[in-house]
Amino acid sequence: MGGIVTKSITLLPREGNPPPRIVETPSGMLNSIGLANIGVDKYIKEKIPLYSTIGTQIIMNIAGSTMDEYSDIVKKVESISSDIVGYEVNISCPNVKKGGMEFGVNCELTQKLTEKLKSITDRPLIVKLSPNVTDIAAIAQSAEEGGADAISAINTVVGMSIDLQTRKSNVSTKFSGLSGPAIRPIGIASVYRVFQSVNIPVIGIGGITNSKDVIEYMLAGALAVQIGTTNFRNPGIAVSIIDDLVSYSEQNNYNTLTDLVGAVL
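Per full-length UniProt numbering, residue 1 is the first one in the sequence shown, and the count goes up by one each step.
If you want it as structure tokens, here you go:
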């Protein structure tokens with residue numbers, strides 16, 4: 001396994017949105033967690049020391065509502081010795097009022113934020129993009145121009161679920177983020193568009209449940225993938241998928257699976 005990406009860490013602790021925050025949907029899940037986390041100071045004190053025992057690479061996902069919040073998080077982590085190998089910059093959270101989306105829908109702000117963070121750290125910077133935009137390729141290009149080392153796509157798709165009896169949303173916020181197999185075709189199309197528009201690696205996210213899904217993402221242009229929602233059903237799914245990918249490459253005489261990246265006809 002290449003690594004683990006943390007949930008989003010913000011400058012200050014966040015309780016997140018009130019419950020209910022998760023509801024199951026056909027082939028997916030709606031969540032409105034609201035970036036609940038312990039904040040960067042407690043994260044540095046309590047979580048980072050544990051990473052040396054995990055045995056794989058750790059990428060820290062960061063979120064903020066201003067450029068200074070993002071940069072202050074990175075400065076705090078850079079000021080200590082840690083096993084963090086890179087940062088994933090969340091500019092695409094759909095279920096908080098200020099969760100980075102103001103950056104994720106604006107090419108100029110995406111570039112400026114990326115430039116600012118790259119001036120602080122030499123660690124790889126992955127910019128995580130939203131599907132809830134007019135032109136995801138343009139946002140990806142702006143991140144690349146700002147110095148991003150990779151693009152990850154996609155974050156959740158904005159959705160809504162209503163209780164027929166109460167006529168209220170099934171989560172505490174009216175809108176929430178849809179994940180799971182239902183969004184996989186959107187994720188694959190987004191990865192393809194991004195891959196065609198940038199010259200940096202693309203990480204595919206959205207609805208992966210098995211090795212076939214991984215291969216489909218790779219054919220669209222993903223050099224790596226992330227798995228999220230399926231872990232709720234099977235926490236060991238990543239290991240199983242890796243084993244299946246090894247078998248697939250052996251059966252099809254591939255020296256390396258990277259030969260599949262962007263190979264869609």
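All residues carry an ideal CB built from backbone N, CA and C; glycine is no exception.
- prompt: Would the region 163-171 and the region 207-225 be scored as touching if the rule is three or more Cβ pairs under 8 Å?
  reply: Result no; under three Cβ-Cβ pairs closer than 8 Å.
message: Assuming the contact rule is C-beta atoms closer than 8 Å, Thr-110 and Ile-91 should be a hit. Round their C-beta distance to whole Å, please.
response: Stepping through the sequence shown from its first residue, residue 110 is reached at position 110. Stepping through the sequence shown from its first residue, residue 91 is reached at position 91. Your pair Thr-110 and Ile-91 checks out as a contact, with CB atoms roughly 6 Å apart and the cut at 8 Å.
task: Give the DSSP-derived three-state secondary structure of Gly-187 in the structure shown.
output: Within the sequence shown, residue 187 is the residue found at index 187, counting from 1. Helix at Gly-187.
message: Judging by CA-CA distance, which residue of Ala-220, Glu-216, Lys-174 is the nearest neighbour of Arg-193?
response: Along the sequence shown, one-based indexing puts residue 193 at 193. For Arg-193, the nearest C-alpha among the options comes from Ala-220.
Thr-10 classed as buried or exposed, judged by whether at least 16 other C-beta atoms fall within 10 angstroms: The residue given as residue 10 occupies position 10 in the sequence shown. Buried.
task: Kindly give me the distance between the Cβ atoms of Ser-152 and Gln-226, rounded to whole angstroms, as I take these residues to be in contact under 8 Å.
output: The residue labelled residue 152 in the question sits at position 152 within the sequence shown. The residue labelled residue 226 in the question sits at position 226 within the sequence shown. Going by Cβ atoms, the distance from Ser-152 to Gln-226 rounds to 7 Å, so yes, they are a contact pair.
field: Nearest-angstrom Cβ-Cβ length linking Glu-88 and Ile-120, presumed shorter than 8 Å
entry: Translated into positions along the sequence shown, residue 88 becomes position 88. Translated into positions along the sequence shown, residue 120 becomes position 120. Not confirmed; about 15 Å, so no contact.
- request: Please state whether DSSP places Met-29 in a helix, a strand or coil.
  value: Sequence index remark: in the sequence shown, residue 29 carries index 29 (1-based). Of the three classes helix, strand and coil, the one that applies to Met-29 here is strand, per DSSP.
message: For a test of the three-state rule: what should DSSP assign to Lys-7, helix, strand or coil?
response: As a first step, residue 7 is located in the sequence shown; it is residue number 7 there, counting from the start. Reduced to three states, the DSSP call for Lys-7 is coil.
task: Measure the CB-CB distance between Ile-154 and Gly-206 and report whether it falls below 8 Å.
output: Taking the sequence shown and counting its residues from 1, one reaches residue 154 at position 154. Taking the sequence shown and counting its residues from 1, one reaches residue 206 at position 206. Yes; because the gap between Cβ atoms is below 8 Å, this pair is in contact.
field: CA-to-CA distance, Gly-228 to Lys-75, given in whole angstroms
entry: Working through the sequence shown from its first residue, we reach residue 75 at position 75. Working through the sequence shown from its first residue, we reach residue 228 at position 228. Spanning the alpha carbons of Lys-75 and Gly-228 requires a straight line of approximately 28 Å.
- prompt: Residues in its own chain within less than 8 Å of Gln-141 by CB, not counting five upstream and five downstream?
  reply: To locate residue 141, count along the sequence shown from 1; it is residue 141. Within the same chain, Gln-141 has close Cβ partners Cys-107, Ser-197, Val-198.
- prompt: Looking at the unbroken alpha helix (DSSP H) that takes in Met-101, where does it start and where does it end?
  reply: Position 101 of the sequence shown, counted from the start, is the residue given in the question as residue 101. 101-104 is the span of the alpha helix (DSSP H), which, as asked, contains Met-101.
query: Counting Cβ pairs closer than 8 Å, one from the region 19-39 and one from the region 50-57, do we hit at least three?
result: Of all C-beta pairs linking the region 19-39 to the region 50-57, fewer than three are shorter than 8 Å, placing the two stretches out of contact.
- request: Would you mind listing the beta strand (DSSP E) stretches within the region 133-211 that are 3+ residues and don't spill past its ends, in chain order?
  value: Counting only runs of 3 or more, we get 150-153, 157-159, 176-179, 202-205.
message: My output table needs one value for Leu-125: the three-state DSSP class, helix, strand or coil.
response: In the sequence shown, residue 125 corresponds to position 125, counting from 1. Leu-125 falls in the strand class under three-state DSSP.
message: DSSP has Met-86 in a bridge; who is on the other side?
response: The residue labelled residue 86 in the question sits at position 86 within the sequence shown. Looking at the sequence provided, one finds Gly at residue 86 rather than Met. According to DSSP, Gly-86 bridges with Ile-59.
Sufficient close CB pairs (3 or more, under 8 Å) joining the region 180-189 to the region 142-151: Cβ pair count under 8 Å is below three, so no.
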